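Sequential numbering from 29 applies to the sequence shown in the working numbering.
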Amino acid sequence: MASPDNDDRERLKSALWFAVGQIVDEECLRRNRNATPQFIGALTEMVWTQIENVAIDLESFANHASRPNVTTEDVLLLARKNPDLQQIMGEFVDERKGIKEAKMARSKAGGRRR
């Protein structure tokens, strides 16, 4: 009998294969090209390997900082070798922090009026 972790892994891989297949199909239709099932399978394996490598790196960064969870700082550190990506991600994080702070300020101000 397969372990629950292995079952989850296979389900995730199947979902990834389906998603990659959908993207490839859309691009094939848009560009009037064809892709073989072998190509989709190989592309899925490549993406899966990249996801595993990213996950390992993120866990390592969090462990090095003695944190049990991966944070946005870990993700930004991972993107350090691609300055453009790091800048886009940093701007996104800053924007989200600003929105969160604005909501907190509004909720505190609203609570004082009562």
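Positions of the beta carbon are idealized from the N, C-alpha and C atoms, including for glycine. As the structure is a prediction and not an experimental result, all values here were calculated from the model.
Check: Can you tell me whether DSSP reads threonine 2 as helix, strand or coil?
Finding: Because the chain spans 29 through 142 in this model, residue 2 falls outside it and cannot be assessed.
Notebook entry, point to check: CA-CA distance, aspartate 53 and alanine 63?
Noted result: 8 Å
Next item on the list: Give the straight-line distance between the Cα atoms of proline 96 and glycine 69, rounded to the nearest whole angstrom.
Entry: 34 Å
Margin query: Give me, in chain order, the residues of the same chain whose beta-carbon lies closer than 7 Å to that of valine 75; leave out the 5 immediate sequence neighbours on both sides.
Written below: Leu44, Val48
Notebook entry, point to check: Are there 16 or more other CB atoms within 10 angstroms of the CB of leucine 106, so buried, or fewer, so exposed?
Noted result: buried
Check: Under three-state DSSP, which class holds arginine 95?
Finding: coil
Next item on the list: Return the chain-ordered list of same chain residues with a C-beta closer than 8 Å to the C-beta of leucine 104, the five sequence neighbours on each side being excluded.
Entry: Gln114, Met117, Gly118, Val121
Check: Can you list, in chain order, the residues of its chain whose CB lies under 8 Å from that of alanine 90, leaving out five sequence neighbours each side?
Finding: Pro96, Asn97, Val98, Thr99, Asp102
Checklist line | Continuous alpha helix (DSSP H) stretch holding alanine 47: start and end | finding: 32–59
Checklist line | Rounded straight-line distance, which links the Cα of alanine 137 to that of serine 31 | finding: 51 Å
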